[in-house]
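Novice: The structure that follows is given in the form of structure tokens.
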Amino acid sequence: MNIFRLAGDVCHLVAIIILLLKIWRSRSCAGISGKSQVLFAIVFTTRYLDLFTVFISPYNTIMKVVFLALSYATVYLIYMRFRNTFNSENDSFRLEFLLVPVIGLSFLENYAFTPLEILWTFSIFLESVAIMPQLFMITKTGEAESITTHYLFFLGLYRALYIANWVWRYHTEGFFDQIAVVSGVVQTIFYIDFFYLYVTKVLRGRGKMTLP
Amino acid sequence: DGGEDEHDEL
């Protein structure tokens, strides 16, 4: 464990909590892509199947349970509790455009052709595109509430810190997880455009982020 | 191919 990975995991946790609290306190999920949240729940489910077979550390196990619980709670709030505030017509990204290539690729490129390994690879590739429906919704509606942008900011920060973590681990322990690194770089690239908008629009106190 | 026996990252 290194500071970059720990900070990254904390940012990830903060992002999930920001979103969950925003939905719970505003009792609304307007402007939030339910599809992205479903994809994240699938990412955690397919990645953390080793929860029962491999024990890494108390931290690892606890964080996996927390991420699973919070992501399912978020999906529950969107599709059950506050479903009347969910504008599904704006959440129109075709998930099959993501799932088909990701499933195909995880069968082609993986470390071992075993169910657990293929599901882990699937979760890595899926996570890199899971935010697309949310970013698509923002470009479609042309705006995002500032809380949603804070959520995206921390999510992007988590990915950037993970890249720093991989650089650190490569230089200190020669660790290099090719699938995770390639997928993580692709995922981080999606946030770069958003980071620019976040800094120029939201941090200038505009409250809402409106796209040009 | 850099096989990973166990994935220790979240």
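Line order of the protein sequences matches chains Z and G. Residues in the first sequence are numbered from 49 upward in steps of one, following our numbering. Residues in the second sequence are numbered from 215 upward in steps of one, following our numbering. Ideal Cβ placement from N, Cα and C applies to all residues, glycine included.
1) Which residues does DSSP pair with residue 212 of chain Z in a beta bridge?
2) Would you verify that the beta carbon of residue 50 of chain Z is, or is not, closer than 8 Å to some beta carbon of chain G?
3) Which term fits residue 101 of chain Z, buried or exposed, when burial requires 16 or more other beta carbons within 10 angstroms of its beta carbon?
4) Counting C-beta neighbours from all protein chains within 10 Å, is the total for residue 257 of chain Z 16 or more, i.e. buried, or is it exposed?
5) Which residues mark the beginning and the end of the alpha helix (DSSP H) in which residue 175 of chain Z is found?
6) Let me make sure I understand the geometry here. Which of Z:173, Z:232, Z:208 and Z:162 has the alpha-carbon closest to that of residue 47 of chain Z?
7) Tell me which residue opens and which closes the alpha helix (DSSP H) that residue 260 of chain Z is part of.
8) Within the same chain, show all residues whose beta-carbon is closer than 8 Å to that of residue 130 of chain Z, passing over the 5 residues directly before and after it, in chain order.
9) Would you check if the stretch 183 to 195 of chain Z and the stretch 223 to 237 of chain Z touch, i.e. whether three or more CB-CB distances between them fall below 8 Å?
10) Just to confirm, is the Cβ distance from residue 184 of chain Z to residue 242 of chain Z under 8 Å?
11) In whole angstroms, what is the alpha-carbon distance linking residue 169 of chain Z and residue 68 of chain Z?
12) If we count the other Cβ atoms within 10 Å of its Cβ and call it buried at 16 or more, is residue 89 of chain Z buried or exposed?
13) Could you run through the stretch 111 to 127 of chain Z and flag, in chain order, every residue whose CB is less than 9 Å away from some CB of chain G?
14) Nearest chain G C-beta to residue 72 of chain Z closer than 8 Å, yes or no?
15) Starting from the Cα of residue 180 of chain Z, find the closest Cα among Z:201, Z:146, Z:158 and Z:150 and give me that residue.
16) Can you tell me whether DSSP reads residue 78 of chain Z as helix, strand or coil?
17) Look at the alpha carbon of residue 199 of chain Z and the alpha carbon of residue 81 of chain Z, and state the distance between them as a whole number of angstroms.
18) If you draw a straight line from the C-alpha of residue 119 of chain Z to the C-alpha of residue 64 of chain Z, how long is it?
Specialist: In brief:
1) Counting from 1 along the first sequence, the entry for residue 212 of chain Z is found at position 164. Looking at the DSSP assignment, residue 212 of chain Z forms no beta bridge with any residue, so it has no partner.
2) One-based indexing of the first sequence puts residue 50 of chain Z at position 2. For residue 50 of chain Z, the answer is no, since every Cβ of chain G falls outside 8 Å of its Cβ.
3) Taking the first residue of the first sequence as 1, we reach residue 101 of chain Z at position 53. So residue 101 of chain Z counts as exposed.
4) Residue 257 of chain Z sits at position 209 when you count from the first residue of the first sequence. Result: buried.
5) Against the first sequence, residue 175 of chain Z aligns to sequence position 127. Per DSSP, residue 175 of chain Z belongs to the alpha helix (DSSP H) from 163 to 177.
6) Residue coverage of chain Z in this structure runs from 49 to 260, which leaves residue 47 of chain Z outside it and unanswerable.
7) As a first step, residue 260 of chain Z must be located in the first sequence, where it is residue number 212. Careful: residue 260 of chain Z lies outside any alpha helix (DSSP H) and carries neither H nor E.
8) What you label residue 130 of chain Z is simply residue 82 of the first sequence in a count that begins at 1. Closer than 8 Å at the Cβ level, and outside the excluded window around residue 130 of chain Z, lie 71, 75, 76 and 77.
9) Short answer: they don't touch.
10) Here the question's residue 184 of chain Z lines up with position 136 in the first sequence. Here the question's residue 242 of chain Z lines up with position 194 in the first sequence. Against a cut-off of 8 Å, the Cβ pair of residue 242 of chain Z and residue 184 of chain Z comes out as no contact.
11) In the first sequence, the residue the question calls residue 169 of chain Z occupies position 121. In the first sequence, the residue the question calls residue 68 of chain Z occupies position 20. Rounded to whole angstroms, the separation of the alpha carbons of residue 68 of chain Z and residue 169 of chain Z is 27 Å.
12) Taking the first sequence and counting its residues from 1, one reaches residue 89 of chain Z at position 41. Residue 89 of chain Z counts as buried, since at least 16 other C-beta atoms from the protein chains shown sit within 10 angstroms of its C-beta.
13) Shown in chain order are the members of the stretch 111 to 127 of chain Z whose Cβ falls below 9 Å from a Cβ of chain G: 111, 112 and 115.
14) Start at 1 with the first residue of the first sequence, and residue 72 of chain Z comes out as number 24. Residue 72 of chain Z does not count as touching chain G.
15) On the first sequence, residue 180 of chain Z is found 132 positions in, with the first residue counted as 1. Nearest of Z:201, Z:146, Z:158 and Z:150 to residue 180 of chain Z, Cα basis: Z:146.
16) For the purposes of this step, residue 78 of chain Z is taken as the residue at position 30 of the first sequence. In this structure, residue 78 of chain Z counts as coil in the three-state DSSP scheme.
17) The count along the first sequence starts at 1 and reaches residue 199 of chain Z at position 151. The count along the first sequence starts at 1 and reaches residue 81 of chain Z at position 33. Taking the straight line joining both Cα atoms gives about 12 Å.
18) As a position in the first sequence, residue 119 of chain Z is number 71, starting the count at 1. As a position in the first sequence, residue 64 of chain Z is number 16, starting the count at 1. Roughly 7 Å between the two C-alpha positions.
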